[in-house]
Amino acid sequence: ERNPIGIPVNWKLKNGSVFDILTYEQSTDQFEGWKGHIAWFDEPPPRDKYIATLRGLVDTRGRCWLTLTPLKEPWIYDELFAANDPNHIFCVVMDIRDNLKRVENGRDMGFLDEDAIQEVERSLTEEEKEARLHGRFLHLSGLVYKEFDVSVNVCSPINVQPHWTKYFCIDPHPRLPTACIWLAVDEKDNHYIYDELWLEGMDLKQVAHAIHAQEGRFIPSIRFIDPAMDKDNELAGGFNVRKELMKYGIFCQRANNDPDLGKSRIREALRAQYSPLYKADQPRLRISSDCTQTIYEFQHYIWDEYRRDPEGKDRKEKPKKKNDHFMDALRYIYNADPQYIVVGEEEEAEIQYEGTYAKYPTKQRVGSSSYRDLVEGK
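The sequence shown begins at 151 in my numbering and counts up by one.
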């Protein structure tokens, strides 16, 4: 069948089957109202067209498949490829050399020549090779932390021990959700991201209450805050986020904002290396499977697109300001070189305070940390 301007839009086969062909250039409305048993997308579809088509398979419990080179449409990675739903989604990653001409078990297989592949390969950038030759998603080829591996760095929820050294960092935003992350270091120098908070639509008092509730009895030894949030806003009467949080018992010190030091330490901690203690390859840093937002950012935190300035000089590579809230907070912690700190036993001494309201002696810990005083004095 043809449409009013003579373009074929519908084909009927002798066996009674009917199929339509649409293009991604057509409006999404053209994909609505369709019903069928099978849908096939050639190359990555826009999500709105995919959803409209999927709706047409509901009545028949139909099947949908996609054959594509993952050059665009990042939603496919998040919602399909990384969905980890084997009961409903089946993914196969193919390398271009899987189609090399060869003979297997007496049968001719493949149809590509190695010389032809190498000719194309010479014209591609390293990022393009990942997608066009190896079937990896192009938008992830520029990952900042390529060392991150879910199978290596993600673990079951962590049983944090009271004696571990615990670090905390908060990355507050006036118009975006506030990111909070907790990291613990054990006596064997293992690092664990054991908790996170992603707080939206809260004022600082509510944020502080949420932090206290999340921590319970596991109070961090050291807290950091985004250095941009430790500035007095003269237009707002000298308002300072760090000082405001102090009113509610969250005492943070300004983090070191070095852009490279923390990243290099995180990479080293993510990388599995031989451990004489465990006699096996082990990463230093593991992330609890509960920390879904942190894991998501590890998988989506990418470098900005490579560019050259008008004089032809390379610009310094910077990450995109997207999917970076927990990555920034973690970098602030690693800028401080997190380590296990042995806490000695503390003695108690009675100090008498004179005055009308000093009815009882007050106990003070001798040798206790002056961290709170250090932060309050800033």
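Backbone N, C-alpha and C fix where the C-beta goes; we use that ideal spot for every residue, glycine too.
A Cβ-Cβ contact shorter than 8 angstroms links Arg-434 with Asp-339.
For Pro-196 against Tyr-227, the beta-carbon gap comes to about 14 angstroms, at or over 8 angstroms, which does not count as contact. When Cβ pairs closer than 8 angstroms are counted between the two stretches, the segment 411-430 is seen not to touch the segment 255-275, the count staying below three. Taking a 10 Å sphere around the C-beta of Cys-319, we find 16 or more other C-beta atoms and assign the residue as buried.
Scanning the segment 275-329 from its first residue to its last, the whole alpha helix (DSSP H) runs of 4-plus residues come out as 276-282 and 300-303. Contact between Ser-439 and Cys-305 holds, with the beta-carbon distance rounding to 7 angstroms and staying under 8 angstroms. When the five nearest sequence neighbours on each side are left out, the beta carbons in the same chain lying within less than 7 angstroms of the beta carbon of Glu-182 are those of Ala-202, in order along the chain. The DSSP-derived three-state label of Asn-485 is helix. Sixteen is the threshold: since fewer than 16 other Cβ atoms of the shown chains lie within 10 Å of the Cβ of Thr-217, the residue is exposed. Considering only Ile-372, Phe-368 and Lys-393, the residue with the shortest C-alpha distance to Ala-378 is Lys-393. When C-alpha distances from Leu-262 are compared across Thr-178, Val-270 and Asn-255, the shortest belongs to Val-270. Excluding five sequence positions before and after Arg-252, the CB atoms of its chain that fall closer than 6 angstroms to its own CB belong to Met-259 and Gly-260, given in chain order.
Here Gly-166 is exposed: its Cβ has fewer than 16 other Cβ atoms, across all protein chains shown, within 10 Å. The C-alpha of Gln-423 lies about 24 angstroms from the C-alpha of Leu-290. Excluding five sequence positions before and after Arg-415, the CB atoms of its chain that fall closer than 6 angstroms to its own CB belong to Tyr-484, given in chain order.
In the DSSP assignment, Thr-442 falls within the unbroken alpha helix (DSSP H) covering 442-450.
Taking the Cα positions, Phe-169 is about 25 angstroms away from Glu-223. DSSP places Asp-228 in the helix class (H, G or I) of the three-state scheme.
C-alpha of Asp-376 to C-alpha of Tyr-482: approximately 8 angstroms in a straight line. For Tyr-344, the enclosing beta strand (DSSP E) covers residues 341-349. Nearest neighbour of Ala-479 by Cα position, chosen from Ile-452, Lys-413 and Gln-489, turns out to be Lys-413. Annotated three-state conformation of Met-259 is strand, per DSSP. Ranked by Cα distance from Glu-346, the first of Asp-336, Lys-355, Leu-354 and Ala-360 is Ala-360. Among the bridge pairs identified by DSSP, Leu-216 is matched with Phe-191.
Taking a C-beta distance under 8 angstroms as the contact criterion, Ala-419 and His-341 qualify as a contact pair. Just measuring C-alpha positions, the residue of Glu-337, His-284, Arg-272 and Glu-229 sitting nearest Asn-249 is His-284.
Assigned with DSSP and collapsed to three states, Arg-404 falls in strand. In the structure shown, the three-state DSSP call for Arg-367 is coil.
Bounds of the beta strand (DSSP E) holding Ala-430 are 430-432.
Between the alpha carbons of Ala-189 and Lys-199 lies a gap of roughly 12 angstroms.
For the pair Trp-453 and Gly-212, the CB atoms are not nearer than the 8 angstroms cut-off. Spanning the alpha carbons of Val-493 and His-313 requires a straight line of approximately 8 angstroms. Look at Leu-435 here: in three-state DSSP terms it is strand.
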